[in-house]
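4 protein chains.
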Amino acid sequence: MTRLRMGMVGGGQGAFIGAVHRIALAMDGECELVAGCFSRDPANTRATAAALGLDPARAWPSFEAMLEGERRLPAGERIEAVSIVTPNHMHVAPAVAFLEAGFDVICDKPLASSLEDGERLAAVVKKTGRHFALTHNYSGYPMVREAREIIADGRIGRVRKVMVEYLQGWLSSDLENSGQKQAAWRTDPAQSGPVGALGDIGTHAFHLLEHVTGAQVESLHALLSTFVPGRRLDDDDMVLLKLGGGASGVLCSSQVCHGRENALTLRVFGTKGALAWSQEHPNDLQLTREDGAVTTLRTATGATSAASRSLARLPPGHPEGYLEGFANIYRAFARRIRGASPEESAFPTVDDGVRGLRFIDACLKSSASASWQSLR
Amino acid sequence: MTRLRMGMVGGGQGAFIGAVHRIALAMDGECELVAGCFSRDPANTRATAAALGLDPARAWPSFEAMLEGERRLPAGERIEAVSIVTPNHMHVAPAVAFLEAGFDVICDKPLASSLEDGERLAAVVKKTGRHFALTHNYSGYPMVREAREIIADGRIGRVRKVMVEYLQGWLSSDLENSGQKQAAWRTDPAQSGPVGALGDIGTHAFHLLEHVTGAQVESLHALLSTFVPGRRLDDDDMVLLKLGGGASGVLCSSQVCHGRENALTLRVFGTKGALAWSQEHPNDLQLTREDGAVTTLRTATGATSAASRSLARLPPGHPEGYLEGFANIYRAFARRIRGASPEESAFPTVDDGVRGLRFIDACLKSSASASWQSLR
Amino acid sequence: MTRLRMGMVGGGQGAFIGAVHRIALAMDGECELVAGCFSRDPANTRATAAALGLDPARAWPSFEAMLEGERRLPAGERIEAVSIVTPNHMHVAPAVAFLEAGFDVICDKPLASSLEDGERLAAVVKKTGRHFALTHNYSGYPMVREAREIIADGRIGRVRKVMVEYLQGWLSSDLENSGQKQAAWRTDPAQSGPVGALGDIGTHAFHLLEHVTGAQVESLHALLSTFVPGRRLDDDDMVLLKLGGGASGVLCSSQVCHGRENALTLRVFGTKGALAWSQEHPNDLQLTREDGAVTTLRTATGATSAASRSLARLPPGHPEGYLEGFANIYRAFARRIRGASPEESAFPTVDDGVRGLRFIDACLKSSASASWQSLR
Amino acid sequence: MTRLRMGMVGGGQGAFIGAVHRIALAMDGECELVAGCFSRDPANTRATAAALGLDPARAWPSFEAMLEGERRLPAGERIEAVSIVTPNHMHVAPAVAFLEAGFDVICDKPLASSLEDGERLAAVVKKTGRHFALTHNYSGYPMVREAREIIADGRIGRVRKVMVEYLQGWLSSDLENSGQKQAAWRTDPAQSGPVGALGDIGTHAFHLLEHVTGAQVESLHALLSTFVPGRRLDDDDMVLLKLGGGASGVLCSSQVCHGRENALTLRVFGTKGALAWSQEHPNDLQLTREDGAVTTLRTATGATSAASRSLARLPPGHPEGYLEGFANIYRAFARRIRGASPEESAFPTVDDGVRGLRFIDACLKSSASASWQSLR
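Protein chains in written order, with the numbering used here: chain A, 1 to 376; chain B, 1 to 376; chain C, 1 to 376; chain D, 1 to 376.
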């Protein structure tokens with residue numbers, strides 16, 4: 001099997017998530033980065049390409065130039081897919097362009113900075129028939145997959161209650177005014193869209209909830225708050241949820257929870273059992289059995305399913321981390337392009353991305369009107 | 001110091017909480033149970049008294065009989081205070097009667113089965129000037145006191161966000177139809193009042209939140225649910241909160257969280273740090289310091305305050321449990337009656353009880369109208 | 001059932017363990033303290049008695065005086081049993097005297113300050129036929145009982161390896177030179193006998209190991225160390241163990257493990273599973289099942305045995321602590337005297353005490369000679 | 001900077017550790033695998049090379065052929081270093097050959113299957129002056145580095161006591177007789193050398209202890225056991241240790257601890273504080289401060305040192321796992337070859353390997369003679 005040749009849009013020097021995507025892309029030797037437009041600043045792009053050992057001729061000054069330039073290369077040399085890791089408001093334009101030009105796309109989340117843009121992108125994916133993956137990377141953890149399998153198998157009965165949180169503390173003060181680049185774009189409506197914490201991490205929590213339970217949120221009541229004076233977007237969100245099938249839940253996302261790092265946790269209670277998982281110790285899945293005792297299932301052990309074991313690279317007890325979970329999305333994307341079935345190569349889709357944007361939209365309306373809103 | 005002579009109303013054979021109160025009362029040798037009306041069934045009262053080694057003449061057939069009978073005993077022999085451990089709807093009548101007759105009262109929670117009854121009882125406490133303690137026993141844990149001290153000292157800065165939960169799983173099925181007495185009265189509106197889980201455990205969570213933070217809930221939005229078919233009261237509650245000082249929060253109480261036992265947990269995030277405490281491992285208090293590192297403070301260690309150390313009976317590392325926390329309420333009550341200052345002998349009051357009833361009242365209105373409600 | 005009338009030797013003001021014994025004795029209302037010789041200092045004894053509300057006439061100036069005085073009281077009034085809570089070297093004399101006078105005895109550990117003394121005491125117990133309990137209190141925890149049941153039932157297969165530790169840090173510096181009474185007698189050979197940490201806490205670890213596994217240590221290799229300059233007894237011990245049935249193990253006891261409180265932990269590995277328990281979180285028992293997954297068994301839940309549930313006073317999730325475990329020894333002792341069977345009222349015996357002294361003796365010889373020693 | 005061109009000896013299809021080395025090598029884009037002799041079976045080598053997308057001409061039938069063949073390639077094309085991932089007894093021959101031919105070497109542990117072979121290899125490293133790294137990969141974890149820094153800075157005072165364990169359960173039964181390849185070679189004296197568990201995992205524990213504390217083991221008393229009938233090498237080891245500076249310790253390595261996965265844990269107690277770390281949750285480092293409170297330091301947070309932060313690829317709270325720790329060894333090796341200073345590019349050396357073999361040698365002698373042995 002030849003490596004999938006990829007290009008990247010965004011992720012120049014100073015960015016965080018670009019480097020993560022590159023490690024994830026390289027880890028299994030199934031993809032290879034061969035081209036990029038890493039920044040709107042061509043000097044940054046050239047420097048990034050040089051540091052990565054790329055052919056300088058494929059360090060493109062704009063994504064449009066990359067699209068045109070790569071198209072002119074021979075079929076066995078040009079990129080096959082593109083990874084988009086720009087800030088939120090810059091996802092849709094390159095994604096649409098590459099899809100329409102026949103390239104497959106893997107894109108960071110949230111899908112877009114408005115529901116309308118997201119729906120437009122989804123329509124392009126449908127129309128072109130290209131592969132499109134959204135890096136809701138937490139679904140790549142083996143024990144998240146295990147949780148999904150357990151619920152789908154009915155082992156905790158019917159889901160009644162879901163509690164999901166994504167708590168961070170790094171924006172407890174006005175870091176955006178200190179020149180910190182990550183903080184600056186995330187709190188800037190022009191780059192992030194109409195929400196802050198809710199888009200940045202709340203959508204991860206929302207996706208995790210729907211992905212693991214297989215249920216959909218039908219309506220919600222949100223309270224979006226901004227705690228840090230002068231900040232223009234929400235930095236703390238609490239949302240009550242009603243799900244299909246009669247379940248209910250609560251989702252909290254916050255970037256002002258002092259000391260929390262990436263505390264994404266999910267708890268699901270069913271009629272016969274319960275599950276709990278925490279991203280910071282991702283290889284432990286707490287399963288409450290019907291007798292009430294709690295069993296810790298561990299990545300890659302014999303007590304887990306084949307589906308989750310397929311996402312592990314190591315024997316039990318050698319911890320798999322964030323990068324491995326992220327790499328699982330890239331590996332699935334590459335294998336799908338090379339012909340694997342959806343069952344063998346699951347990844348979050350453009351539809352998941354649209355769900356996330358609907359969630360944001362409903363939260364905004366709910367919080368503004370202090371009323372319950374449908375997600376339909 | 002002579003032991004405080006006490007009588008008990010409720011707590012006959014088959015009850016759970018009565019036995020807890022009796023151990024708590026006896027533990028430190030500062031109180032002594034000498035009389036009781038343990039049940040509406042005189043045979044149960046006599047049998048309970050015999051098992052406890054009480055004088056059969058002081059096993060009274062009704063609380064009214066106890067009141068009259070004890071009054072006639074010599075001053076050095078008659079009870080000085082009464083402990084009320086009946087189901088919720090039976091708190092107010094004996095409490096009022098004993099208070100008006102000049103006895104001090106310690107009473108289980110919630111204070112009453114309606115806000116009106118609770119306010120009436122509070123007025124009687126005020127009018128009579130007697131001591132009245134409400135057994136929101138979780139405030140008796142040393143590390144709950146420690147948390148309160150830390151916040152009052154400003155060590156985590158100004159409180160921004162509070163997350164409190166009390167999750168149980170024992171009512172995940174319709175246990176009340178199996179003849180289980182504890183389940184039966186808790187799910188019966190005639191005995192519990194208009195709420196189930198919210199009154200039984202939600203009020204504990206609410207008290208813990210206000211007690212530890214020193215802040216008051218100003219308004220709330222509640223979703224009360226009943227998951228078990230045929231049940232007549234809520235068994236799951238989720239409440240968004242706005243607190244004085246601009247903080248916000250979320251409170252969840254549920255009795256259908258499969259496998260959860262008495263999972264009362266509190267997390268408080270401030271501008272400079274954070275706290276987390278869990279009742280099931282009550283001797284650990286997680287303190288997030290200003291640098292983001294989490295330190296575990298442990299009961300009775302030198303790293304804790306004199307106030308919390310005064311609630312511990314053992315050196316660090318020998319776990320103090322639920323009964324010791326409960327006994328701290330009794331000990332404070334006895335010492336207050338014997339002349340200790342409020343600082344030396346803190347316990348939850350009738351005002352805390354009224355707050356809890358206001359909370360219930362606002363939740364009922366909010367959930368019925370899907371609107372935010374003020375707590376005044 | 002009438003309460004067991006008890007006297008106490010030792011435990012005057014300033015002592016720690018005496019107060020623990022008194023709470024344990026009182027907790028269930030099955031015993032009652034009615035007499036005592038709390039100190040060699042009669043003033044201390046009188047003050048202690050007064051604080052406890054005892055009849056001043058039964059605050060005896062010596063244990064001999066108590067023995068004689070109580071004997072002269074009417075049968076329904078005099079003490080039935082005596083609790084001995086003096087420093088180690090003062091256990092045997094009062095124990096022998098009371099046993100020979102026909103009283104039952106409950107005694108703190110270690111049994112004696114020499115193997116010879118301990119064997120002499122055991123012979124007196126056997127000769128008199130009186131009840132004798134040794135407060136290896138950790139065996140009173142419900143989940144220690146559960147562990148013993150699980151192993152006895154063969155649920156983890158044949159035991160292969162045992163790891164037991166009792167780590168403290170409070171003697172990391174020369175606290176004994178600061179006037180701290182607890183530190184002073186524990187590090188004084190005249191009061192503690194020939195060992196320090198090994199007798200004080202190592203014997204608890206040793207008893208826990210043999211009690212839970214049902215196996216006996218056959219030989220050992222010990223390294224006793226003294227880390228704090230000037231200290232006259234060991235403050236750190238490490239012991240390799242060979243057990244009956246081919247198992248092996250390691251025991252560590254130390255009082256110089258900075259920051260450790262009462263970190264008594266036991267791990268047992270068998271051919272089909274494993275167990276782990278830690279005293280500081282005593283309501284959790286980790287059971288590794290045959291498939292390798294770890295299940296947390298919790299005190300009083302339906303997943304536990306009737307034997308362990310009989311030691312709990314509360315429903316699951318309300319933590320039972322050290323005092324409740326200790327009280328279980330007193331309750332069993334009282335019930336045995338009142339006629340309960342050994343199965344219904346298990347407690348550590350004088351034979352367990354002799355085992356502990358043999359263990360000390362073998363460790364001393366081994367460490368001195370750098371050789372393996374038999375325990376017979 | 002151009003990528004370091006590497007060859008691999010061992011790691012063909014069916015091996016575990018070879019794949020780990022390849023991911024570690026690729027992760028940061030600083031090394032590139034371009035050649036290999038993956039197996040004594042040329043067909044396996046060819047298949048492995050094909051799966052990896054290597055040039056078939058550089059899939060060599062023997063390490064000798066690889067050495068000769070690569071030497072003949074142009075300087076800018078031939079390998080610069082070789083990674084040796086064969087079973088233990090096959091480390092020395094290729095290592096010596098490549099070193100003497102002027103290649104740098106990175107080699108799996110233990111260094112050799114005898115102390116003599118190891119010393120011979122060390123002499124070759126010294127003579128040739130080539131770079132040699134040993135993949136005691138656990139030292140690549142950020143929080144292991146943090147622990148080392150903390151001790152070196154004197155923050156826990158002088159080290160008194162060290163407890164280190166590496167517990168696994170996968171060899172609890174005679175898996176080697178089932179055809180499982182990993183089990184077969186590890187329990188075969190011809191391939192593993194004179195020890196089983198001690199060499200496979202005990203040497204990791206030993207290295208971790210000396211690496212983190214900076215102290216050396218001076219003498220030891222070992223008990224090596226074989227629990228599984230028919231097994232020819234130890235599967236369980238317990239070792240008492242005396243360290244330089246007066247510290248003592250205990251080391252346990254076992255492969256028959258049912259249910260344990262890769263439970264490598266280290267605890268260090270000093271005169272002023274203590275540390276605890278566990279490989280299965282590698283981003284948490286427990287630091288006991290002078291006041292006895294335990295603080296959890298987390299990978300990449302501001303509360304950690306620059307040295308440990310340099311080993312992290314992600315912001316705090318996104319877990320770094322085993323592969324990232326392993327990759328840190330490769331990255332340091334590559335950077336050293338490219339000119340980085342030892343401070344900037346620390347990795348375990350051939351001297352560490354010789355220490356491990358001395359440890360094995362002393363344990364064998366001690367266990368056979370039941371006596372303390374010096375490590376020189």
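Even glycine gets a Cβ: it sits at the ideal position worked out from N, Cα and C.
{"Item": "Inspect the beta-carbon positions of A152/D and G259/C and report whether they are closer than 8 Å.", "Value": "no"}
{"Item": "Would you decide whether S367/B is buried or exposed? Buried here means 16 or more other CB atoms lie within 10 Å of its CB.", "Value": "buried"}
{"Item": "Flag L297/B as yes if its beta-carbon sits less than 8 Å from any beta-carbon of chain D, otherwise no.", "Value": "yes"}
{"Item": "Comparing the C-beta of P142/B with each C-beta of chain C, is any distance below 8 Å?", "Value": "no"}
{"Item": "For F269/D, which of helix, strand or coil comes out of DSSP?", "Value": "strand"}
{"Item": "For the beta strand (DSSP E) containing I132/A, name the first residue and the last one.", "Value": "Here the sequence assigns Phe to residue 132/A, which means Ile is not the residue at that position. Per DSSP, F132/A belongs to the beta strand (DSSP E) from F132 to L134."}
{"Item": "In the DSSP output, what is M8/A paired with across the bridge?", "Value": "G36/A and S83/A"}
{"Item": "Count the other CB atoms, across all protein chains shown, that sit within 10 Å of the CB of S172/D; report buried if there are 16 or more and exposed otherwise.", "Value": "buried"}
{"Item": "Are any of the Cβ atoms in chain A nearer than 8 Å to that of T301/C?", "Value": "yes"}
{"Item": "Taking Cβ-Cβ distances shorter than 9 Å, what residues in chain C pair up with F103/D?", "Value": "By Cβ distance, chain C contributes nothing, its closest Cβ being about 42 Å from F103/D, past 9 Å."}
{"Item": "Pull up the CB-CB distance for T296/B and P316/B, whole angstroms please, since I reckon it's below 8 Å.", "Value": "Not confirmed; about 12 Å, so no contact."}
{"Item": "Once DSSP output is grouped into helix, strand and coil, what is the label at W170/A?", "Value": "coil"}
{"Item": "Check C363/B in the structure and name its three-state DSSP category.", "Value": "helix"}
{"Item": "For the region 251 to 322 of chain D, which segments carrying the alpha helix (DSSP H) assignment without a break, of at least 4 residues, lie completely within its bounds, in sequence order?", "Value": "306 to 309"}
{"Item": "Taking C-beta to C-beta, are T426/D and M143/D nearer than 8 Å?", "Value": "Residue 426/D falls outside the range modelled here, since chain D spans only 1 to 376, and no answer is possible."}
{"Item": "How many Å lie between R335/A and S345/A at the Cα?", "Value": "6 Å"}
{"Item": "Please specify which runs of the alpha helix (DSSP H), each continuous and at least 4 residues long, are wholly inside the region 96 to 148 of chain A, giving them in chain order.", "Value": "115 to 128"}
{"Item": "Taking Cβ-Cβ distances shorter than 7 Å, what residues in chain D pair up with R322/A?", "Value": "The residue asked about is misnamed: residue 322/A is Tyr in this sequence, not Arg. Within 7 Å Cβ-Cβ: L314, H318 and P319."}
{"Item": "On the DSSP letters alone, give me the boundaries of the alpha helix (DSSP H) that A24/D sits inside.", "Value": "I17 to A26"}
{"Item": "Report yes if the C-beta distance between L357/A and L111/A is below 8 Å; otherwise report no.", "Value": "yes"}
{"Item": "Starting from the Cα of A68/A, find the closest Cα among A101/A, V105/A and R376/A and give me that residue.", "Value": "The sequence given here places Glu at residue 68/A; Ala does not occur at that position. Out of A101/A, V105/A and R376/A, A101/A has the C-alpha closest to the C-alpha of E68/A."}
{"Item": "Quick one: grab the DSSP three-state call for R78/D.", "Value": "coil"}
{"Item": "With a floor of 4 residues, list each alpha helix (DSSP H) that falls wholly inside the region 327 to 352 of chain A, ordered by position along the chain.", "Value": "none"}
{"Item": "Grouping DSSP H, G and I as helix and E and B as strand, with all else coil, what is L209/D?", "Value": "helix"}
{"Item": "Here's a check: name, in chain order, each residue in its chain whose Cβ is nearer than 8 Å to the Cβ of D41/A, leaving out the five neighbours to either side.", "Value": "G12"}
{"Item": "Going by the CB atoms, is the gap between E210/D and A307/D shorter than 8 Å?", "Value": "no"}
{"Item": "Please list, in chain order, the chain D residues whose beta carbon lies closer than 7 Å to that of D291/B.", "Value": "G302 and A303"}
{"Item": "Does P282/A pass the burial test, meaning 16 or more other C-beta atoms within 10 Å, or should it be called exposed?", "Value": "buried"}
{"Item": "For the putative contact between L323/B and E324/C, defined by C-beta atoms under 8 Å, what is the C-beta separation to the nearest angstrom?", "Value": "7 Å"}
{"Item": "For the region 85 to 113 of chain C, which residues have a beta carbon sitting closer than 9 Å to at least one beta carbon of chain A?", "Value": "none"}
{"Item": "When Cβ atoms are compared, which residues of the region 239 to 252 of chain D fall closer than 7 Å to chain C?", "Value": "L240, S248, V250 and C252"}
{"Item": "Applying the criterion that 16 or more other CB atoms from any shown protein chain within 10 Å of the CB defines a buried residue, is D108/C buried or exposed?", "Value": "buried"}
{"Item": "If you follow the beta strand (DSSP E) that E218/B is in, where does it begin and where does it stop?", "Value": "V217 to S225"}
{"Item": "My output table needs one value for G249/D: the three-state DSSP class, helix, strand or coil.", "Value": "strand"}
{"Item": "What is the DSSP secondary structure of Q182/B, reduced to helix, strand or coil?", "Value": "helix"}
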